[in-house]
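Numbering (the working numbering), first residue to last: 556 to 701.
Where a beta carbon is used, it is the ideal one built from N, C-alpha and C, also for glycine.
Read the structure below first, then the notes.
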């Protein structure tokens with residue numbers, strides 16, 4: 556199955572970058588289901604979502620100094636996913652999510668390409684709170700069935 560292939564590719568990358576393989580495994584375990592659920596909501600097909608996910612984790616695991624307890628790590632992962640989708644010419648469809656209108660922060664970060672600093676200034680909140688709000692909005696989107 557294609558999902559098993561994705562897992563094998565990601566775990567291969569974790570072994571390849573052995574210096575941080577435990578951190579990579581923890582990050583993948585913590586964020587992969589949430590990211591994949593979000594990608595299924597906004598990508599035109601399951602296959603496109605799977606390709607974007609593999610590319611996203613490849614890019615992430617090539618980066619040095621990842622900190623799994625960083626409250627903004629998921630935002631970084633999502634931005635890498637948007638970048639990966641763009642590189643693969645995947646047309647994202649945020650309108651497919653019924654509750655997307657109720658996710659103003661997520662819209663600004665993902666589709667208006669606002670930085671975390673811009674969001675902090677706009678909403679007058681700190682980075683940690685912004686990260687928690689984004690995660691909450693994403694989890695709400697995942698609960699919506701298309």
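Legend entry - Within 8 Å, strictly: CB atoms of residue 566 and residue 612: Reading the chain shown from its first residue, position 11 is the one you call residue 566. Reading the chain shown from its first residue, position 57 is the one you call residue 612. For residue 566 and residue 612, no; Cβs fall outside 8 Å.
Inset, instruction - For the alpha helix (DSSP H) containing residue 639, list its first residue and its last residue. - result: In the chain shown, counting from the first residue as 1, residue 639 sits at position 84. Run containing residue 639: 628 to 642, per the alpha helix (DSSP H) assignment.
Legend entry - Reduced DSSP secondary structure (H/G/I, E/B, other) of residue 562: Locating residue 562 in the chain shown gives position 7, counting from the first residue. Looking at residue 562 - three-state DSSP - the assignment turns out to be helix.
Legend entry - Secondary structure of residue 599, DSSP reduced to three states: Looking up residue 599 in the chain shown gives position 44. Residue 599 falls in the coil class under three-state DSSP.
Legend entry - Span of the alpha helix (DSSP H) around residue 675: Counted from its first residue, the chain shown places residue 675 at position 120. 671 to 678 is the extent of the alpha helix (DSSP H) around residue 675.
Inset, instruction - May I have the straight-line CA-CA distance separating residue 678 from residue 630, to the nearest angstrom? - result: If you number the chain shown from 1, residue 678 lands on position 123. If you number the chain shown from 1, residue 630 lands on position 75. Approximately 16 Å, taken between the alpha carbons.
Legend entry - Three-state secondary structure (DSSP) of residue 607: In the chain shown, the residue the question calls residue 607 occupies position 52. Note: residue 607 maps to helix in three-state DSSP.
Legend entry - residue 646, DSSP secondary structure in three states: To locate residue 646, count along the chain shown from 1; it is residue 91. The answer is coil: DSSP assigns residue 646 none of H, G, I, E or B.
Legend entry - When 657, 639, 595 and 618 are compared against residue 579, the one with the closest alpha-carbon: Taking the chain shown and counting its residues from 1, the one referred to as residue 579 is at position 24. Comparing Cα-Cα distances from residue 579 to each of 657, 639, 595 and 618, the minimum goes to 618.
Legend entry - Pair within 8 Å by beta-carbon distance, residue 590 and residue 632: Position 35 of the chain shown, counted from the start, is the residue given in the question as residue 590. Position 77 of the chain shown, counted from the start, is the residue given in the question as residue 632. Their beta carbons are under 8 Å apart, which means residue 590 touches residue 632 by this criterion.
Inset, instruction - Look up residue 662 in the DSSP assignment and say whether it is helix, strand or coil. - result: What you label residue 662 is simply residue 107 of the chain shown in a count that begins at 1. In this structure, residue 662 counts as helix in the three-state DSSP scheme.
Legend entry - Pair within 8 Å by beta-carbon distance, residue 664 and residue 607: Start at 1 with the first residue of the chain shown, and residue 664 comes out as number 109. Start at 1 with the first residue of the chain shown, and residue 607 comes out as number 52. Going by C-beta atoms, residue 664 is not nearer than 8 Å to residue 607.
Legend entry - Buried or exposed by the 16-neighbour rule on C-beta atoms within 10 Å, applied to residue 647: Indexing the chain shown from 1 puts residue 647 at position 92. When all chains shown are included, residue 647 counts as buried.
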